[in-house]
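Colleague: By this note's numbering, the letter at position 123 of the sequence shown is numbered 142, and the numbering carries on one by one without gaps. Where a beta carbon is used, it is the ideal one built from N, C-alpha and C, also for glycine. Okay, here's the structure, questions in a sec.
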Amino acid sequence: MKMEIKNNILETVTSYVSNSPKPIYNLFRKVQNFHDKFGVNKYIRNNVPLVLVYQYGRVASTSIYSSLKSANLNLPIYHVHTLSTSKADEWIENAKKNNQRIDRNYVLGRILGERLETQKFEFNKARWKIVCVFRDPISVIISLHFLNPRGHFKDILDKYGDNDYDYEKVTQYFRDLIKNDDPSGWLLIKWFEDVFQYETAVDVFQHDFDKESGYTIIKDKRFDILLLRFENLSDAFKKGASELFMKEPADFDLRYSHIHKIDDYKNIQKYVTENLKIDRETCEKVYSTKFIKHFYSDELIEKMVKKWSNE
20 MKMEIKNNIL ETVTSYVSNS PKPIYNLFRK VQNFHDKFGV NKYIRNNVPL VLVYQYGRVA
80 STSIYSSLKS ANLNLPIYHV HTLSTSKADE WIENAKKNNQ RIDRNYVLGR ILGERLETQK
140 FEFNKARWKI VCVFRDPISV IISLHFLNPR GHFKDILDKY GDNDYDYEKV TQYFRDLIKN
200 DDPSGWLLIK WFEDVFQYET AVDVFQHDFD KESGYTIIKD KRFDILLLRF ENLSDAFKKG
260 ASELFMKEPA DFDLRYSHIH KIDDYKNIQK YVTENLKIDR ETCEKVYSTK FIKHFYSDEL
320 IEKMVKKWSN E
């Protein structure tokens with residue numbers, strides 16, 4: 020009970036800091052950055068395995084992070100979207116240039132990336148544990164657009180987003196975007212090849228994925244990697260985390276958390292998600308990519324095609 024209260028307080032403080040004005044946010048983050056660097060170095064020096072929630076955005080990473088923090092693992096847990104020092108530095112510089120907040124995961128990415136570049140992973144060294152969730156790419160595209168509206172999409176939201184009658188015009192934007200683009204080039208579809216493999220040197224496509232259970236653990240010389248499919252996350256997380264951390268499944272409950280919640284677009288995002296329909300040919304183009312074929316069964320692929328094509 021005490022641990023649950025502590026985690027609830029921590030989650031409330033984290034949410035407050037994440038949504039606070041930039042000066043307050045940056046002050047908290049400077050203290051946090053010092054603490055993170057000190058902690059990472061201490062844990063590595065003492066041969067304590069780091070736990071990383073590491074994936075692209077809008078795929079329940081905050082929920083996984085909160086759930087692991089609540090599981091009393093007695094291990095350091097970090098939430099990042101890169102393990103590359105150069106990528107982290109690029110994000111930090113862009114944030115400074117645009118007078119934006121510097122997210123904690125940027126600095127953590129740089130700290131962890133530096134250690135990966137210099138750390139010698141020997142036989143007797145504790146392997147880092149990575150938890151990574153992936154999801155139906157069309158759902159991710161919708162979510163990412165509403166998280167950070169920009170450019171032409173922001174113009175469309177400003178013009179039509181306040182009027183229920185014009186929600187269909189916003190929906191049409193996604194219909195055109197998906198129909199006229201080549202999904203094989205989408206970053207979120209190529210992420211495991213272009214980002215994950217580059218930053219960890221692990222090619223997930225060289226390892227079979229259990230399409231029935233929705234999770235697989237890859238054991239590498241440097242990492243133990245738990246891959247989770249979002250579409251059956253509750254069960255897969257409980258079983259996969261139990262296997263990864265060698266604890267009982269009952270110790271792992273999925274706590275849904277959404278720190279970067281934007282209520283301004285809640286209604287229109289819900290409308291788009293429920294009403295977006297795409298022709299079957301376009302859907303089949305999305306769901307015939309290497310990424311989808313590796314992680315999804317034919318049955319699940321057909322289910323997603325029918326969902327978005329309204330068949």
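Return yes when the Cβ of Asn45 is within less than 8 angstroms of the Cβ of Arg120, no when it is not.
Modeller: Cβ distance < 8 angstroms, so Arg120 and Asn45 count as in contact.
Colleague: Compare the Cα-Cα distances from Arg129 to each of Thr104, Arg146, Glu109 and Asp122 and report the closest residue.
Modeller: Out of Thr104, Arg146, Glu109 and Asp122, Thr104 has the C-alpha closest to the C-alpha of Arg129.
Colleague: With a threshold of 16 other CB atoms inside 10 Å of the CB of Lys21, please say whether the residue is buried or exposed.
Modeller: Unreliable placement is indicated for Lys21, whose pLDDT of 49 sits below 50; no coordinate value is reported for it.
Colleague: CA-CA distance, Phe211 and Val221?
Modeller: Their backbone Cα atoms lie some 9 angstroms apart in a straight line.
Colleague: Could you spell out where the alpha helix (DSSP H) holding His54 opens and where it closes?
Modeller: His54 -> alpha helix (DSSP H) spans Lys41 to Arg64.
Colleague: For Phe153, which option in Lys257, Gly233 and Ile320 has the closest C-alpha, if you only look at C-alpha atoms?
Modeller: Nearest of Lys257, Gly233 and Ile320 to Phe153, Cα basis: Gly233.
Colleague: Check whether the Cβ atoms of Tyr97 and Leu127 sit closer than 8 angstroms, and answer yes or no.
Modeller: Cβ atoms of Tyr97 and Leu127: closer than 8 angstroms.
Colleague: Measure the CB-CB distance between Leu245 and Ile149 and report whether it falls below 8 angstroms.
Modeller: Cβ distance < 8 angstroms, so Leu245 and Ile149 count as in contact.
Colleague: On the DSSP bridge assignment, give the partners of His171 in chain order.
Modeller: Its beta-bridge partners do not exist; DSSP assigns none.
Colleague: In whole angstroms, give me the CA-to-CA distance for Val70 and Lys173.
Modeller: C-alpha separation (whole angstroms): 36 angstroms.
Colleague: What does Asp243 pair with, by DSSP beta-bridge criteria?
Modeller: Note: Asp243 sits in a beta bridge opposite Lys148 and Lys238.
Colleague: Is the stretch 159 to 171 touching the stretch 286 to 293, taking contact as three or more C-beta pairs under 8 angstroms?
Modeller: Output reads yes: the stretch 286 to 293 touches the stretch 159 to 171.
Colleague: Where does Ile43 land, buried or exposed, given buried means 16+ other C-beta within 10 angstroms?
Modeller: Ile43 is exposed by the Cβ-count criterion.
Colleague: Three or more beta-carbon pairs under 8 angstroms between the stretch 255 to 262 and the stretch 225 to 242, yes or no?
Modeller: They touch, by the three-pair rule.
Colleague: Is it the case that the Cβ atoms of Thr81 and Ile161 are separated by a distance below 8 angstroms?
Modeller: Contact flag unset, no.
Colleague: Can you say whether Gln138 is buried or exposed, counting buried as having 16 or more other CB atoms within 10 angstroms of its CB?
Modeller: Result: exposed.
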